[in-house]
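Protein sequence lines correspond, in order, to chains A and B. Numbers 25 to 411, taken from the working numbering, label the letters of the first sequence in order. Numbers 6 to 309, taken from the working numbering, label the letters of the second sequence in order. Built from N, CA and C at the ideal position, the CB exists for glycine as well. Accompanying notes for the structure given below.
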Amino acid sequence: MDLLEYQGKQLFARHGLKVSQGLAVTTVGDALIAADEVGYPVVVKAQVLIGGRGKAGGVKLAANESEVREHAGNILGMDIKGHTVRTVWIEHASDIASEYYGSVLLDRSAKQPLVMFSVEGGVDIEEVAERTPEKLIRHHVDALAGLSHDEGVQIARLGGADDDVIDGVADALVALYEVWLEEDATLAEINPLIVTPEREVKALDSKVSLDDNALYRHPENQALSDKENEDPLERRAKEEGLQFVKLDGDIGILGNGAGLVMSTLDVVSHAGGAPANFLDAGGGSNAETIKQAVDLILANEAVKAVLVNIFAGITRCDEVALGLIAAFGEIKPSVPFVVRLDGTNDVEGRRLLGEAALPNVHSAKTMNEAAEMVVALAAGQSVGAVA
Amino acid sequence: MSVLIDQSTRLCVAGITGREGTFHTLNNRNYGTNVVGGVTPGKGGQDVEGIPVFDSWADAVSQVQPNTAMIFVPPRFAADAILEAAAAGVELVVAITEGIPAHDELRVYNTLKRDGHTAGTAGSGTRLIGPNCPGILSPGKANVGIIPASFFEQGNVGVVSRSGTLTYQIGNEIARAGFGCSTIVGIGGDPVPGSSFVDVLELFEADDDTELVVLSGEIGGSAEEEAAEYIAENMSKPVVAYIAGFTAPAGKQMGHAGAIVSGSSGTAAAKAQALEAKGVRVGRTPTEAAAIAVEVLGGASVGA
């Protein structure tokens, strides 16, 4: 789960990282009140989970009331790469002497936490890593020992932080590590980590990803994330416990097992089609889950045809067939389906489907054949082999 | 031969008294796996269809000497169950549990490493397979986990995969073409697996009965790229690969916790390229991967 800037900063503050005082608001009126509270000049910052806010005009300095009214008015409702701005963060503007970079992430390859630091902050860090890799310090931390202040000092020195802020940078890195560890984050990033003329080290931005699997031990974080900009179908799937990702195409996909569903998307694309979603009904999915899944797929109006691709291990094909029959009974889909059932109880599953003689349901023997059929059907062509 | 599990396997199951735990333990026993016990704190002294239950791994080890542990407990208890089994001296731990927090997996991996257990080096301490994996199957010998054994035949193809159902799909196509498997190892779909592709490739390379290895990868991380390097430098046996997730959008988790393209890293295209650059043939569909494997083995492909 990715957090908005202000949500990340609130986590930072909880762990002793310095951030500017600010308030999250959703109306121009509240923006004015917030600006009064934090004190002019203020920065009005769009809260969206997408990079390039500044370039899109979503971050503006405001010296007075009329500027806050103007900028908040422009930014609220603004579309930034498909994300609508619903919230702006009003923050007291900081004076900046230097812009550094700091992050803590889970290095999957080394299987260790990785702390990164650079004095070249405020720009795309992937560019820094590419252009001047010597300016990006990468320090692996002993996952069982954690990051000590001494290590923080060493990283700050190595990275070339100004002498008088070495301690401040070390403190910030240790606090950032604490955020990463104690909040079960997979990424905690500050860009830029600024040094003010008063030589204070502060987080001016935040990028935090939390581990969904660990949310059970952080009830206070469960309400976070960008609910308003979440795809409504994805939100519904989450509520129903289905693994669903909305895509841009017109072929609905239902399968069991993450790998097989990913593979189904690829095979459909390979056949010239465009998948409308990823949906993993999971191992051992029963008739009820299948019904829910079909309902969710058809809630997407772009869907012109649906492919059900099941290779049953723990799942049973007869259960899947019963789920489809129940779903058809209630939903009465208006688009064609291609069903490929293989694995446990496949013969029984195909028999059930055949007997039910569902309208516009086609049976396929293999994954490749199923993909070709569904692509043809989505394009309005007819295919043989009606179940 | 086979790798990791065979007739000498003595299996003990954490979570044997749970609904899923009982079901799959009995399935494994029916297949012929020697199931010697189960562990559920507070239920020591009971039995599940004649399989004795112990309160702790220490008790289980002293009473029935398991050499393999299967972890079937809920995510919040899984990390401690793995570490307890390792501390009691069980050589192989297979963690089926899905949904373990990444930080717990990091702690487990690094604790095992600190205590001298190494996933990767044979014969030293505990090896962890998983979590979030379907387990291991050595056809005709033993089954530890949830892999449906009926789709596989006994033979000389080693399979290592991050995905369960995809493994069944590929293994089944190989079986239909008349070939079988030495061992199928599911390493799991999480960000910090106990054993990586490289660890399992090393086992297959050393296994006399494995002639060819099918590697099934997916988006996220760099385990496939590391496997490509390893194959080029250390493998004498042919490896055929399949990678899932070419059409996955960046930043979206595709079902598995570890299946996510971060920025520009972890894409299926990059993985396929890395493997092909080292001479590994990569099938564009599971069917194609199986067909290549069959072709290399000298059989006739059954086609799509």
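- Apart from sequence neighbours up to five positions away, the residues of its chain that approach ALA63 of chain B with a beta-carbon distance below 6 Å are ALA93, ordered along the chain.
- Scanning chain B for C-beta atoms nearer than 9 Å to the C-beta of SER293 of chain A yields PHE251 and THR252, reported in chain order.
- Contiguous alpha helix (DSSP H) elements confined to the stretch 207-270 of chain A occur at 256-264, taking only those with 4 or more residues.
- Around ALA232 of chain B, the same chain offers PHE202, VAL203, LEU206 and LEU220 as residues with beta carbons nearer than 7 Å, after the five sequence neighbours per side are excluded.
- HIS108 of chain B and ALA100 of chain B have their C-alpha atoms some 16 Å from each other.
- Interface annotation, GLN278 of chain B: not in contact with chain A, CB-CB separation never under 8 Å.
- Counted as a single uninterrupted DSSP element, the alpha helix (DSSP H) harbouring ILE297 of chain B occupies residues 291-302.
- Of B:GLU230, B:GLY37, B:GLY271 and B:GLY183, the smallest CA-CA separation from GLY250 of chain B is found for B:GLY271.
- Looking at the DSSP output, PHE141 of chain A bridges to A:GLY126 and A:ILE161.
- Judged by DSSP secondary structure, GLU115 of chain A falls within the beta strand (DSSP E) whose first and last residues are 112-116.
- One thing to note: THR188 of chain B has its Cβ no nearer than 8 Å to the Cβ of SER155 of chain B.
- Put simply, the CB of LYS328 of chain A is far from chain B, with every gap to its CB atoms at 8 Å or more.
- Residues ILE334, PHE335, ALA336, GLY337, THR339 and CYS341 of the same chain have their beta carbon placed closer than 8 Å to that of GLY367 of chain A, with the five preceding and five following residues left out of the count.
- The beta-carbon of TYR201 of chain A is placed no less than 8 Å from the nearest beta-carbon of chain B.
- The beta carbon of LEU271 of chain A falls within 8 Å of a beta carbon belonging to chain B, placing the residue at that interface.
- According to the DSSP assignment, GLY20 of chain B belongs to no alpha helix (DSSP H), since it is labelled neither H nor E.
- The alpha-carbon of ALA402 of chain A is positioned some 10 Å away from that of PHE361 of chain A.
- The C-beta distance from PRO291 of chain B to LEU171 of chain B rounds to 6 Å, short enough to fall under 8 Å.
- Of all alpha-carbon atoms in A:ILE218, A:ARG110, A:HIS164 and A:GLY192, the one lying nearest the alpha-carbon of LEU28 of chain A is that of A:ARG110.
- At a cut-off of 8 Å between beta carbons, GLY126 of chain A makes no contact with chain B.
- Three or more pairs of CB atoms, one per stretch, sit closer than 8 Å, so the stretch 182-198 of chain A contacts the stretch 129-146 of chain A.
- Along the stretch 187-204 of chain B, the positions whose C-beta sits under 8 Å from a C-beta of chain A are GLY194, PRO196 and VAL197, read in chain order.
- Excluding the 5 residues flanking it on each side, PRO243 of chain B has same chain C-beta neighbours closer than 6 Å at LEU217 and VAL301, in chain order.
- DSSP places PRO136 of chain B outside both helix and strand once states are collapsed to three, so it counts as coil.
- Under the Cβ distance rule, VAL67 of chain A does not count among the residues neighbouring chain B, no pair being separated by less than 8 Å.
- No Cβ-Cβ contact shorter than 8 Å links LEU168 of chain A with ASP208 of chain A.
- When the beta-carbon positions are compared, PHE268 of chain A and PHE302 of chain A come within less than 8 Å of each other.
- Residue pairing of PHE302 of chain A in beta bridges, as defined by DSSP: A:VAL269.
- Secondary structure in the stretch 350-409 of chain A: the alpha helix (DSSP H) runs of 4 residues or longer, each lying completely within the stretch, are 370-380 and 391-402 in chain order.
- As computed with DSSP, LYS84 of chain A is found in a beta bridge with A:VAL68.
- Spatial neighbours of TYR114 of chain B in its own chain (CB-CB distance under 7 Å, excluding positions within 5 residues in sequence) are listed in chain order as VAL197 and GLY199.
- If you check the CB distance, GLY150 of chain B and ILE141 of chain B come in under 8 Å.
- Ranked by Cα distance from LYS231 of chain A, the options A:SER287, A:VAL203 and A:GLU254 are led by A:VAL203.
- PHE335: these are the residues of the stretch 310-336 of chain A whose beta carbon lies less than 7 Å from some beta carbon of chain B, given in chain order.
- In the assembly as shown, SER7 of chain B is a buried residue. Its beta-carbon has 16 or more other beta-carbons within 10 Å.
- From the beta-carbon of ILE338 of chain A, the residues of chain B found nearer than 7 Å are ILE151.
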